[in-house]
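Q: Can you read through this structure? Questions will come right after.
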Amino acid sequence: MNEKILLKNGRLIDPSSKRDEIVDMLIVDGNIATIKAKIPESNEYKTVDLTNKIIAPGFIDIHVHLREPGYEHKETIETGTRSAAYGGFTAVCCMPNTNPAIDDESIVTFIMTQGKKAHGGIVDVFPIASVSKSREGKTLAPIAELVHAGAVGLSDDGAPVSDANLMRRALEYANMYNVPVMQHCEIPELAHGGVMNEGKVSTELGLPGIPGVAEEIMIARDLLLSDYTNSRYHVCHMSTAGSVDLVREGKKKGIKVTCEVTPHHFTVTEEVVRSYDTNTKMNPPLRTQKDVDAIKEGLKDGTIDVIATDHAPHSLDEKEVDYIQAPFGIVGLETAIGLSITELVEKKILTMHQLVEKFSVNPRKIIGKEVRIAEGEPANLTFIDPNIEWNVEISKFNSKSKNSPFNGRTLKGKAVGICNNGKMLLY
Amino acid sequence: MALTSRHLLRLQGMPSDDIRQILDAAISFKEILNRPIKKVPTLQGKTIVNLFFENSTRTRTSFELAERRLSADVLSFAASSSSVTKGETLKDTARNIEAMKIDMVVIRHNAAGTSDFLSKVINANIINAGDGQHEHPTQGLLDMYTLREKFGKLEGLHVCIVGDVLHSRVARSNIFGLQTMGAKVSVCGPATLIPRDIDKLGVDVYHHIDDILPKVDALNVLRIQMERQAGGFFPSLREFHRYFGVTKERLDKVNKPITILHPGPINRDVELSADVADGPHSVILEQVLNGVAIRMAVLYLLGATE
């Protein structure tokens, strides 16, 4: 980006510096040169009109599955980062349930290299390495090496760290390098064979259920371990009212816990499973209205720090099978901002300012990749039109996979561009 | 008159008029089954495929017999002999059937929702012959037919479903169908085999069989799958029989006859003692004959919705 770009009339929302004002911003060679109320236009600049649009610190999704290496028919780092870029994200954290798992520094390096090659590196790819070797939950992965190679967190995502002693050691070990252990919370024996939330609807549909306590028991255990070891612990994609309560109490006690929720868990309930549409199958499963309400309350009162998508691409063939056989997961990068503005900002659960915190400030703090919006800093920005109404069309997704239950849904608000690493993408 | 849907996927949400229509039509078909010549030309020229992805002798035979009695051209295939084992997806299988211009498909599958799925991807009439642990609507209908024949009505009856309700599609179809027709349904079984929140469907839950016997007109005793013991749902078949088995001794303590239904096949002296299965209040063999009549009625009425 050897050029000068003048962003005109954008609403700068930067929770870190507590700014919320209409500004002009001049970006020169990928860095923020000037932020002022008015910067006169000039032939030297390429001018972008951002009237009624928001300029925010670059959004990050700390829970995505890029599927590479190993499952390139579902997604690649190239297609996954394109999906992220068009979804409004300047960074993603990719989960280690690849094949091989991200349990060796060579794989961390490979992923980061692929990330830098894709689309000129406009989307930062920060790997989350596995807690245990091959994600088998038996022995610790080489955590120090993984972190020094670039891993920003540790998780056996999809395969919870079930052994309490291994979890304790992982927390203690990870703490030396100040990275969080990010847990997919689920007691495997309780979730065994389940495909949807356990309750009235699963009983009616005859589908095996996953009880909410399967998630809550593991959170409760891990909170105690986190407290005991004084280590950082992050709850992935929390889905129940009970989980929100546990984390809220944990935070009150001073436990170093953070947590995330997905847009689908605050947008829809288990009722949509009645269609037997396999795009309603994800883990944790969609829960009840009571859980949705509790998640919204948790977002509002700050218990829930982060919105992350759990972007989980699967090919059409893999999803076009019966409900029990179908794999868990949906894609999320390109609907996340729209769903969040529609369900949270429009419904007065969150202010736009708080939304920016959950998509940028808080998740970046958790993995230590904060951005600053100030003169002289690299421009790492997400541009949002909060008022545009649009229809989700899965056929237009940039992701290689189209497994979304939101096809045809009308949403309000979406990203209109991003800027990062000296590249600007306006769409 | 025609049914409101061109498929039979579930009894949940089926209007009472539709159920009544099927039960009424089955009366005439049962009459045909008692004639010396048991074949009618109703579905001549129609082609029906029986797609059985799960082992079944009873239901498949019953459907085949019903189809042949109605003079339909019948094609049956079981999962082991089909291309399913070669990795073909259900959708591919369905599209192949569609390409062969089949009129009706009877499907049995071990996953809930497969008949719904099929109804969305192909044009033929779909009849659910049991989808996983979801529903088995023709079984529910034949149970209701049998009860109505015995009691003259369904409204006001109290039926208790006994045993492994958790894994039972028969239980679900009976609950939805009977409730629609104004009967009261209770369930009785070990807590580990009662699905979560079933009380929210308006079903009373019992864990002691002697508590429910005096209150009911009929028991629908479910087959206990032997592998459930290995799955840890109950400690032993002996204990199950002792505390949940329907025995003559138990029934004799109640001062009224209780009609006994069972979807078959029976594990004698596990969920049902032999003397009760073969006793005077058992309608188990009547259910088998009624099953053919009900399936003829369903095939006839769905064929007529075209």
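Here the protein sequences come in this chain order: V and L. Using the numbering used here, the first residue of the first sequence is number 1, and each one after it goes up by one. Using the numbering used here, the first residue of the second sequence is number 1001, and each one after it goes up by one. Every residue gets a Cβ at the ideal spot worked out from N, C-alpha and C, and that includes glycine.
Whose C-alpha, out of Tyr173/V, Val244/V, Ile388/V, His311/V, is nearest the C-alpha of Asn230/V?
A: Position 230 of the first sequence, counted from the start, is the residue given in the question as residue 230/V. Looking at the Cα atoms, Tyr173/V is the closest of the given residues.
Q: Using only CA atoms, which one of Met1296/L, Gly1130/L, Cys1188/L lies nearest to Leu1213/L?
A: In the second sequence, the residue the question calls residue 1213/L occupies position 213. Of Met1296/L, Gly1130/L, Cys1188/L, the residue nearest in Cα terms is Cys1188/L.
Q: So within the segment 58-136 of chain V, which uninterrupted alpha helix (DSSP H) runs reach at least 4 residues, ignoring any that extend past its ends?
A: DSSP runs (the alpha helix (DSSP H)) wholly in the segment 58-136 of chain V: 77-87, 105-117.
Q: Alpha carbon to alpha carbon, how far is Leu6/V from Lys358/V?
A: Reading the first sequence from its first residue, position 6 is the one you call residue 6/V. Reading the first sequence from its first residue, position 358 is the one you call residue 358/V. Going by the C-alpha atoms only, they are around 27 Å apart.
Q: Within the 7 Å Cβ cut-off, does Thr203/V reach chain L?
A: Stepping through the first sequence from its first residue, residue 203/V is reached at position 203. Yes, Thr203/V counts as interfacial toward chain L.
Q: Please report how far the alpha carbon of Lys74/V lies from the alpha carbon of Arg82/V, in whole angstroms.
A: Mapped onto the first sequence, residue 74/V falls at position 74. Mapped onto the first sequence, residue 82/V falls at position 82. Going from the Cα of Lys74/V to the Cα of Arg82/V covers about 14 Å.
Q: Using a threshold of 7 Å, state whether the C-beta atoms of Ile62/V and Pro363/V are closer than that.
A: Translated into positions along the first sequence, residue 62/V becomes position 62. Translated into positions along the first sequence, residue 363/V becomes position 363. Result yes, Cβ atoms of Ile62/V and Pro363/V sit closer than 7 Å.
Q: At which residues does the alpha helix (DSSP H) containing Lys319/V begin and terminate?
A: Residue mapping note: residue 319/V aligns to position 319 of the first sequence, counting from 1. Per DSSP, Lys319/V belongs to the alpha helix (DSSP H) from 316-319.
Q: Flag Ile324/V as yes if its beta-carbon sits less than 7 Å from any beta-carbon of chain L, otherwise no.
A: Mapped onto the first sequence, residue 324/V falls at position 324. It does; some Cβ of chain L falls within 7 Å.
Q: Of all the alpha helix (DSSP H) runs that stay within the bounds of the segment 225-295 of chain V, which reach a length of 4 or more residues?
A: Counting whole runs of 4 or more residues, the segment 225-295 of chain V contains the alpha helix (DSSP H) stretches 241-252, 263-267.
Q: Give the DSSP-derived three-state secondary structure of Ile1102/L in the structure shown.
A: What you label residue 1102/L is simply residue 102 of the second sequence in a count that begins at 1. Coil, per DSSP.
Q: Taking C-alpha atoms, which residue in Ala415/V, Tyr427/V, Lys365/V lies nearest to Ile55/V?
A: Here residue 55/V corresponds to residue number 55 of the first sequence, with the count starting at 1. The shortest Cα separation from Ile55/V among Ala415/V, Tyr427/V, Lys365/V belongs to Ala415/V.
Q: Starting from Glu1135/L, follow its DSSP beta bridges and name the residues at the other end.
A: Working through the second sequence from its first residue, we reach residue 1135/L at position 135. Beta-bridge pairing links Glu1135/L to Asp1131/L.
Q: In this structure, what does DSSP give as the bridge partners for Arg1108/L?
A: Start at 1 with the first residue of the second sequence, and residue 1108/L comes out as number 108. Paired residue(s): Phe1052/L.
Q: Return the residue from the list Ile13/V, Lys8/V, Ile60/V that minimises the CA-CA distance to Gly368/V.
A: Here residue 368/V is taken as the residue at index 368 of the first sequence, counted from 1. Among Ile13/V, Lys8/V, Ile60/V, the Cα nearest to that of Gly368/V is on Ile60/V.
Q: Just the Cα atoms here: how many angstroms apart are Gly408/V and Ser1016/L?
A: One-based indexing of the first sequence puts residue 408/V at position 408. One-based indexing of the second sequence puts residue 1016/L at position 16. The straight-line gap from Cα to Cα measures roughly 34 Å.
Q: Select from the segment 262-294 of chain V all residues with a C-beta closer than 7 Å to any C-beta belonging to chain L, and list them in chain order.
A: Correct list: Tyr276.
Q: Could you name the residues of the same chain whose beta carbon sits closer than 7 Å to that of Lys1039/L, not counting the 5 residues immediately before and after it, in chain order?
A: Numbered from 1 along the second sequence, position 39 holds the residue referred to as residue 1039/L. Around Lys1039/L: Arg1069, Ser1071.
Q: In chain V, which residues lie less than 7 Å from Asp1116/L when you measure between Cβ atoms?
A: The count along the second sequence starts at 1 and reaches residue 1116/L at position 116. Simply Tyr276.
Q: Tell whether a beta-carbon distance below 7 Å holds between Ile122/V and Lys423/V.
A: Within the first sequence, the letter at position 122 stands for residue 122/V. Within the first sequence, the letter at position 423 stands for residue 423/V. Yes, these two residues count as a Cβ contact at 7 Å.
Q: Which residue or residues does DSSP assign as beta-bridge partners of Phe383/V?
A: As a first step, residue 383/V is located in the first sequence; it is residue number 383 there, counting from the start. The partner list for Phe383/V (beta bridge, DSSP) reads Ile55/V, Gly417/V.
Q: Per DSSP, what kind of secondary structure is Arg409/V in: helix, strand or coil?
A: Taking the first residue of the first sequence as 1, we reach residue 409/V at position 409. Correct three-state label for Arg409/V: coil.
Q: Who are Gln183/V's beta bridge partners in DSSP?
A: Taking the first sequence and counting its residues from 1, one reaches residue 183/V at position 183. Gln183/V is bridged to Val235/V.
Q: I need the straight-line Cα distance from Phe126/V to Ala149/V, nearest angstrom please.
A: By one-based count along the first sequence, residue 126/V stands at place 126. By one-based count along the first sequence, residue 149/V stands at place 149. If you take the alpha carbons of Phe126/V and Ala149/V, they lie about 10 Å apart.
Q: Below 8 Å, can you find three or more Cβ-Cβ pairs linking the segment 1256-1270 of chain L to the segment 1105-1119 of chain L?
A: Verdict: no, contact absent.
Q: Tell me Asp49/V's beta-bridge partners as DSSP assigns them.
A: Taking the first sequence and counting its residues from 1, one reaches residue 49/V at position 49. Looking at the DSSP assignment, Asp49/V forms a beta bridge with Lys8/V.
Q: Are the Cβ atoms of Thr288/V and Thr269/V separated by less than 7 Å?
A: Taking the first sequence and counting its residues from 1, the one referred to as residue 288/V is at position 288. Taking the first sequence and counting its residues from 1, the one referred to as residue 269/V is at position 269. Yes, these two residues count as a Cβ contact at 7 Å.
Q: Please check if any C-beta of chain V sits within less than 7 Å of the C-beta of Arg1196/L.
A: Along the second sequence, read from residue 1 onward, the residue named residue 1196/L stands at position 196. With 7 Å as the cut-off, Arg1196/L counts as an interface residue toward chain V.
Q: Output, in chain order, the set of chain V residues within a Cβ distance shorter than 8 Å of His1134/L.
A: Here the question's residue 1134/L lines up with position 134 in the second sequence. The answer, in chain order, is Leu205, Gly206, Leu207.
Q: Thinking C-beta only, is Ser399/V closer than 7 Å to Pro313/V?
A: Residue mapping note: residue 313/V aligns to position 313 of the first sequence, counting from 1. Residue mapping note: residue 399/V aligns to position 399 of the first sequence, counting from 1. Against a cut-off of 7 Å, the Cβ pair of Ser399/V and Pro313/V comes out as a contact.
Q: Okay, do the segment 1144-1157 of chain L and the segment 298-313 of chain V touch, 3+ Cβ pairs below 8 Å being the bar?
A: No: fewer than three Cβ pairs fall under 8 Å.
Q: Could you have a look at Ser1028/L and say whether DSSP puts it in helix, strand or coil?
A: Locating residue 1028/L in the second sequence gives position 28, counting from the first residue. Three-state DSSP puts Ser1028/L in a helix.
Q: Counting only runs that start and end within the segment 139-167 of chain V, where is the alpha helix (DSSP H) found for 4 or more residues in a row?
A: You should have 143-149.
Q: In angstroms with no decimal places, state the Cα-to-Cα distance between Lys36/V and Gly298/V.
A: The sequence position of residue 36/V within the first sequence is 36, counting from 1. The sequence position of residue 298/V within the first sequence is 298, counting from 1. Taking the straight line joining both Cα atoms gives about 36 Å.
Q: Mapping DSSP to helix, strand and coil, what is Lys345/V?
A: By one-based count along the first sequence, residue 345/V stands at place 345. Residue identity check: residue 345/V is Val in the sequence provided, not Lys. It is helical.
Q: Need the endpoints of the alpha helix (DSSP H) that Asn178/V sits in, please.
A: Start at 1 with the first residue of the first sequence, and residue 178/V comes out as number 178. No alpha helix (DSSP H) holds Asn178/V; DSSP gives it neither H nor E.
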